[in-house]
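Protein chains in written order, with the working numbering: chain A, 4 to 321; chain B, -14 to 316.
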């Protein structure tokens, strides 16, 4: 099924110390990621979906090396993980992620500069121009500053910047959630075109299920720092096996329905990630919880195995 | 105006003076909300939906805006001419507002109970104890398991969804006839959003409260609203029952917006985006504001099309010279 992965995460845990005592020793920890293992193959578009507080953004920071995992390993093929030129990121807010004092050509080529290459100014401008054309910014605009562009155009600039070092993987952290619907469609189309023409690998983090469904071939659903379900996008989103994924899919408002049908969920609060629940993390909100849920759940591979559909619930295939 | 109409805005045009020229935020907006109705206003950012919501309660800073034309009638009060005192009677009493950011809408230094009691006692002649009882009752209607515990907490001790439920309870505290909800669930997760919307709908149905619901999310509108107005660049461009507007849109913009949603397209296919971007409100083109992005535009579009008046408000109206017929919309 999957060719050799270009990114491998093995049992990554991240916890942040909080509430220090008078000697500055932490008394408690926030458990942001609790054992994330995932492989990404070349040409994949992996979607990561989950609600706020589930660890999506921590995962993004781990992936680009802004944070170090407390335990577990992260391996990127070809380059070693330390230089991290194999991965670039597009942030959510194009307003704050572009330096307002730099002209666009400098913004676009900054990753090349930061990696230590020092091409001539002319070469950098030429690179910026060719990237600008690829993302649909007119090449004569590269001498302008970020404030002269609209939100959608700024996001295009951020994408051009991510492309500049020719990375293996681009991590897209909520790339369209700050944009209007009509502009979102333009950006999603651009990303798909780039992915096809360059056979790129994307990791798309989003809370918007319909964006994930549209863009990704594989999807992982996160809950409280764990992956609770992963597999081919259509399998996961159309036939969810994990009760949390089922709840999520039921809650997404749809254009076609006349109105919400079922009763509102009584418990919508995430359990605390300071004191992690024993056993299955979802059992307090789960309608199907039984005595078997008291033990920690492992990802179970479903049949047929080649689809790679995995669910963290012992009832999923029962 | 018929007796069941609670809010009626007529030909409202608002502009903001700028250093150079004026920003035409609203251009001839007319809408009505009837008793017990849930009416949506949907549009992209900068389309004027929040300005409309703010104007219905005159919450914009006095002097920062100019009213070019129009009037607002809320429960028989002429909002644009009323004194500050009259408006204060209305705000929080017969008309309540739910804002997008539940953290900034609550006072962080005072307990939830105190804030609710303040509002209740401002508009109703009750004792403190009675007000607390009313507040606890409202919170248990909002599915809080232990209302007394919530009343004794500060807003920062609550999660986003809980805060928004507190705000909805607060909005219902004086039995309002109208609730203006400005993107009440945009900051919430989908599972919480569903819960909040269903509670809001249930409360409104029980008390026959009308809701003016501002959102940018088409799917939420389709789940929640009876009727919807679509806004673009400060004008209403289409209105009608939610079903009709969302399933057979007649304005090219509405149709473009729906086609641009990833949920309407097959996975992996090209999305139909609307070319260009929203016009600058200080340099609006003469005539239809959508003409430069529209595939149907012609000479005639240099004149501004009006949302045709119709005797019954639930008719499907569209401000376009070249409206799409139902047949085209299906195809």
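Note that the Cβ used here is the ideal one computed from N, Cα and C, for glycine as well.
Quick caveat, the model's predicted, so the values are computed rather than measured.
When the options are compared against residue i, the one with the closest alpha-carbon
i: residue 97(A); options: 56(A), 181(A) and 7(A); result: 181(A)
i: residue 210(A); options: 175(A), 7(A) and 192(A); result: 175(A)
i: residue 274(A); options: 155(A), 311(A) and 33(A); result: 33(A)
i: residue 17(A); options: 50(A), 11(A) and 66(A); result: 66(A)
i: residue 108(A); options: 95(A), 126(A) and 68(A); result: 126(A)
i: residue 137(A); options: 106(A), 196(A) and 40(A); result: 196(A)
i: residue 107(B); options: 77(B), 122(B), 87(B) and 118(B); result: 77(B)
i: residue 47(B); options: 37(B), 65(B) and 38(B); result: 65(B)
i: residue 153(A); options: 300(B), -4(B), 192(B) and 261(B); result: 261(B)
i: residue 200(B); options: 153(B), 53(B) and 165(B); result: 165(B)
i: residue 149(A); options: 233(A), 77(A), 12(A) and 104(A); result: 104(A)
i: residue 310(B); options: 120(B), 241(B), 114(B) and 235(B); result: 235(B)
i: residue 272(B); options: 255(B), 300(B), 12(B) and 5(B); result: 12(B)
i: residue 214(A); options: 186(B), 256(B), 188(B) and 96(B); result: 256(B)
Residue i - DSSP class collapsed to helix/strand/coil
i: residue 141(B); result: helix
i: residue 64(A); result: helix
i: residue 179(B); result: helix
i: residue 152(A); result: coil
i: residue 90(A); result: strand
i: residue 63(B); result: strand
i: residue -5(B); result: strand
i: residue 304(B); result: coil
i: residue 179(A); result: coil
i: residue 140(A); result: coil
i: residue 16(A); result: strand
i: residue 82(B); result: strand
i: residue 278(A); result: coil
i: residue 217(A); result: helix
i: residue 125(B); result: helix
i: residue 28(A); result: coil
Residue i burial status per 10 Å Cβ neighbour count (16 or more: buried)
i: residue 31(A); result: exposed
i: residue 73(B); result: exposed
i: residue 102(A); result: exposed
i: residue 2(B); result: exposed
i: residue 167(B); result: buried
i: residue 69(B); result: exposed
i: residue 28(B); result: buried
i: residue 290(B); result: buried
Rounded straight-line distance, which links the Cα of residue j to that of residue i
i: residue 212(B); j: residue 186(A); result: 26 Å
i: residue 285(A); j: residue 267(B); result: 51 Å
i: residue 245(A); j: residue 289(A); result: 10 Å
i: residue 225(A); j: residue 177(A); result: 15 Å
i: residue 259(B); j: residue 41(B); result: 31 Å
i: residue 25(A); j: residue 35(A); result: 24 Å
i: residue 242(A); j: residue 126(B); result: 34 Å
i: residue 238(B); j: residue 279(B); result: 7 Å
i: residue 229(B); j: residue 318(A); result: 42 Å
i: residue 90(B); j: residue 166(A); result: 41 Å
i: residue 246(B); j: residue 91(A); result: 27 Å
i: residue 19(B); j: residue 103(B); result: 29 Å
i: residue 312(A); j: residue 240(A); result: 11 Å
i: residue 59(A); j: residue 214(B); result: 35 Å
i: residue 124(A); j: residue 200(A); result: 28 Å
i: residue 272(A); j: residue 189(A); result: 35 Å
i: residue 292(A); j: residue 138(B); result: 31 Å
i: residue 161(B); j: residue 216(A); result: 40 Å
i: residue 15(B); j: residue 55(B); result: 9 Å
i: residue 158(B); j: residue 122(B); result: 10 Å
i: residue 14(A); j: residue 222(A); result: 18 Å
i: residue -9(B); j: residue 59(B); result: 6 Å
i: residue 198(A); j: residue 184(A); result: 21 Å
i: residue 75(A); j: residue 68(A); result: 14 Å
i: residue -3(B); j: residue 219(B); result: 10 Å
i: residue 168(A); j: residue 113(A); result: 9 Å
i: residue 118(B); j: residue 9(B); result: 46 Å
i: residue 79(A); j: residue 72(A); result: 14 Å
i: residue 114(B); j: residue 129(B); result: 20 Å
i: residue 92(B); j: residue 83(B); result: 14 Å
Neighbourhood of residue i by C-beta, 7 Å cutoff - its chain only, sequence neighbours within 5 removed
i: residue 204(A); result: 9, 43, 45, 46, 47, 171 and 172
i: residue 94(A); result: 100, 161 and 176
Contacts around residue i, its chain only, beta-carbon distance under 8 Å, and the 5 residues preceding and following it disregarded
i: residue 283(B); result: 306 and 307
i: residue 32(B); result: 216, 217, 218, 219 and 263
Spatial neighbours of residue i in its chain, beta-carbon cut-off 6 Å, leaving aside the 5 residues before and after
i: residue 343(A); result: The displayed coordinates of chain A run from 4 to 321. Any statement about residue 343(A) would go beyond what the structure contains.
i: residue 25(B); result: 198, 206, 210 and 213
Contact with chain D by residue i, beta-carbon distance below 8 Å
i: residue 104(B); result: Included in the structure are the protein chains A and B, with no chain D among them.
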